[in-house]
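Per full-length UniProt numbering, residue 1 is the first one in the sequence shown, and the count goes up by one each step.
Presented below is the structure to which this report refers.
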Amino acid sequence: MDIGQTHLGGLISNSQQDEKVRYHVVGSRVKMACNVIRSLYGGSHRTKLIVNGYGQVILSSQPGVIYDNIKINHPLVKLLQDYVKKMDVVGDGATFFVTLVSELIQEAMDVVGKGMKGAYLGYMLREVHKEIEELASELRIKHEVDFEDRESISKVLKGVLKDSVLEKIVVEGISLCRSFSTENIRVCKVVCGSTEDSYVVQGMVFNRSPEGEVKHVTKGKTSIYNCPLDISRTELKGTVLMRTASELLSFSKEENKRIKETVESMNGDVVICSGKVDKIYLDFLNKKKKLVFRITSKYDLRRIRELVGGHILAALDPQTEDSMGFVEEVETFKEGNSEYTKFISGSKKVYTLVLKNSVQAVLDEQERMVQKALNVLSKNSKEGKIDLVDGAGRFEKKLSKIFLERSMGCKEGKNLVYKCIGKALGTFKTSDAEVYDAYNAKVKALKYSIEFISTLFETGDYLIGKPEAINIAPKSNQHWDEDH
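Structure follows, in structure tokens:
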């Protein structure tokens with residue numbers, strides 16, 4: 001008998017009913033945000049096409065990128081976005097996390113509908129949260145990554161990279177480099193051709209050509225400067241007074257003499273700088289048959305220093321033998337209408353994945369996928385060993401059975417929470433595809449999803465602080481009627 005439908009219903013407080021409505025409204029908001037991502041889970045090859053607030057076209061299947069480029073207002077959805085960023089640190093599992101949150105909200109709402117208070121449900125979820133590691137550890141699979149065996153690398157990456165061509169290139173790069181580090185496996189994007197034309201090259205590739213006439217150097221010394229190859233000028237405006245033509249001529253000669261002395265003090269066959277290259281400097285360097293290369297990024301300057309060795313000088317001072325680096329080969333090659341420069345080191349193994357496609361948005365997404373694949377291996381492996389779980393929904397189904405079995409012998413309240421999680425995991429579809437996922441990423445996604453749902457049901461109010469409006473009124477012309 002439903003008391004709410006009788007005359008006794010007036011004796012019961014409406015607070016519980018109001019609480020259910022509030023959870024339903026908040027849950028529907030979060031589910032709407034989750035539904036944006038749900039279609040991307042599993043073997044789906046779908047992507048989202050986004051035009052962000054700056055008018056940039058972004059093509060992506062990664063939740064972190066999608067949420068960063070759409071407008072989010074609700075505090076809980078912002079919290080969901082923060083959890084997605086935490087999942088990106090692990091490398092993989094963000095889509096699984098968002099999909100699981102959506103399913104858990106639905107099942108948790110059914111538990112609240114049966115009469116359990118939201119705050120108590122949040123407390124019980126946190127109690128179960130402590131047991132996740134213990135329950136999931138039964139399904140762990142030990143795997144050793146062998147750089148000589150490309151199949152062992154491919155086994156880990158199949159579940160991360162859905163593109164077989166991209167997977168083949170990444171596996172080849174890892175096998176040749178014998179490392180998972182993003183510092184040793186670089187990416188160069190070429191806007192021409194198709195993904196099938198992509199390849200792996202030895203060395204570090206930069207998407208620009210040398211500044212001078214020399215384009216190729218073999219077994220040369222390097223000088224690296226974190227400053228421009230330019231004439232030093234005063235910070236404030238200066239005036240030079242010249243009374244005769246001979247004074248002007250001598251001033252120009254002195255300047256050229258100083259530049260020539262500076263160039264002669266550069267002992268390296270390859271001169272790398274981080275700023276503008278003056279034409280007079282370039283002329284003297286061309287006469288000395290030195291290769292001049294300009295790097296605009298401070299991060300790339302650090303990387304090339306690690307590649308060739310030596311020290312980075314902050315000014316155009318003479319270098320000693322100890323402070324100079326060594327490069328095996330520097331060469332220039334052409335792809336499409338652009339020229340690229342490749343630095344090869346004899347001491348450090350660095351390989352570059354040259355990704356080719358005619359669409360810039362596709363190249364950006366492929367670069368993100370490569371970074372994601374390398375992060376999965378580097379963040380979840382230790383001494384070449386990585387823990388895996390069955391993919392394609394099989395891990396979720398097995399874990400669902402464990403939770404449902406646990407619910408049988410538990411006290412009232414906790415059994416509902418076990419059933420809630422078990423049913424949510426049971427909704428994931430399975431397939432026969434031989435795919436594996438990183439154990440650490442799956443466990444983190446499980447923990448974060450339960451933590452997020454706990455926060456949802458434990459939160460009473462949502463307060464949003466708005467910045468004060470800045471009044472930038474246009475200045476009125478006080479003298480608009482001035483007589484001329």
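Glycine is no exception: its CB is placed at the ideal position from the N, C-alpha and C atoms.
Just confirm the distance between the C-beta atoms of ALA373 and LEU161, as a whole number of angstroms; I'd bet it's less than 8 Å.
Sure, about 5 Å apart at Cβ, within 8 Å.
Practice item. May I have the straight-line CA-CA distance separating VAL217 from ILE272, to the nearest angstrom? Key: 13 Å
Query raised in the report: Hey, how far is the Cα of residue 485 from the Cα of LEU377?
Result: This structure leaves residue 485 out entirely; the chain is present only between 1 and 484.
Drop a sphere of 10 angstroms on the beta-carbon of ASP2, count the other beta-carbons inside from all chains shown, and report buried for 16 or more, exposed for fewer.
-> In this prediction, ASP2 scores a pLDDT of 45, lower than 50, which makes its location untrustworthy; the coordinate-derived value is nonetheless stated afterwards. ASP2 should be labelled exposed.
For this session: Look at the Cβ atom of ILE37, then the Cβ atom of VAL98, and state whether they are nearer than 8 Å.
Result: yes
task = Could you check if THR222 is buried or exposed, using at least 16 other CB atoms within 10 Å of its CB as the buried criterion?
result = buried
- Query: Can you name, in chain order, every residue of its own chain whose Cβ lies under 8 Å from the Cβ of GLY122, other than the five neighbours on each side?
  - Reply: In the same chain as GLY122, and ignoring 5 residues on each side of it, the C-beta atoms closer than 8 Å to its own belong to ILE453, SER454, THR455, LEU456, PHE457 and GLU458, in chain order.
Could you tell me the alpha carbon to alpha carbon distance between ASN69 and VAL190, rounded to whole angstroms?
24 Å
Suppose contacts are defined by Cβ-Cβ distances below 8 Å. Is ASN184 in contact with TYR340 by that definition? Result no, Cβ atoms of ASN184 and TYR340 do not sit closer than 8 Å.
*asked:* Let me make sure I understand the geometry here. Which of VAL389, LYS356 and GLY275 has the alpha-carbon closest to that of CYS227?
replied: GLY275
Notebook entry, point to check: Is LYS342 near ASP197, with beta carbons less than 8 Å apart?
Noted result: no
| said: For VAL156 and VAL145, I'd like the C-alpha separation in whole angstroms. | reply: So the two alpha carbons sit approximately 9 Å from each other.
Query raised in the report: Nearest CA to the CA of residue 545: which residue from LYS349, MET266 and PRO318?
Result: Outside the shown range of the chain, which is 1 to 484, sits residue 545, and nothing can be said about it.
CB-CB under 7 Å to GLU103, same chain, minus the five flanking residues each way: which ones, in chain order? ALA424 and THR427
Out of LYS257, VAL25, TYR281 and LYS158, point me to the one whose CA is closest to MET369's CA.
LYS158
task = Measure the alpha-carbon distance for TYR448 versus TYR83 and round it to whole angstroms.
result = The C-alpha of TYR448 lies about 7 Å from the C-alpha of TYR83.
* Asked: Which term fits PRO467, buried or exposed, when burial requires 16 or more other beta carbons within 10 angstroms of its beta carbon?
  -> Under this definition PRO467 is an exposed residue.
Tell me which same chain residues have a C-beta within less than 7 Å of the C-beta of GLU451, skipping the five on either side of it? HIS129
key: Strand pairing of MET204, partner residues [DSSP]   = Its beta-bridge partners are PHE343.
I'd like to know if the stretch 310-330 and the stretch 240-250 are in contact, where contact means that at least 3 CB-CB pairs between them fall below 8 Å.
No: fewer than three Cβ pairs fall under 8 Å.
Just checking my contact of SER347 with ALA392 at CB under 8 Å: how many whole Å lie between their CB atoms?
-> Incorrect: roughly 43 Å between the Cβ atoms, too far for contact.
Can you tell me whether ILE464 is buried or exposed? The criterion is at least 16 other CB atoms within 10 Å of its CB, across all chains shown. exposed
>> Pull the bridge partners of ASN357 from the DSSP assignment, please.
In response: VAL191
- Is the shortest distance between the beta-carbon of MET204 and the beta-carbons of chain B less than 8 Å? Although the question refers to chain B, the structure presented lacks it and comprises just one protein chain.
**Asked** With distances taken from CA atoms, which of ASP230, ASP390 and LEU282 is nearest ILE141?
**Response** ASP390
For ALA136, count the other beta carbons within 10 Å of its own beta carbon; 16 or more makes it buried, fewer makes it exposed. Which is it?
buried
If you scan the stretch 87-162 from start to end, which runs of the beta strand (DSSP E) of 3 or more residues do you find wholly inside it?
141-144
- Message: So, with DSSP's three-state summary, where would you put ILE231?
- Response: Note: ILE231 maps to coil in three-state DSSP.
Just list the residues that DSSP pairs PHE180 with in beta bridges.
PHE180 pairs with nothing; no bridge assigned.
VAL214 to ASN35, Cα distance in whole Å? 56 Å
Quiz item: For VAL443, which option in ASN380, LYS334, LYS411 and HIS74 has the closest C-alpha, if you only look at C-alpha atoms?
Solution: ASN380
Starting from ALA433, trace the beta strand (DSSP E) in both directions and tell me its first and last residue.
Run containing ALA433: none; DSSP gives neither H nor E here.
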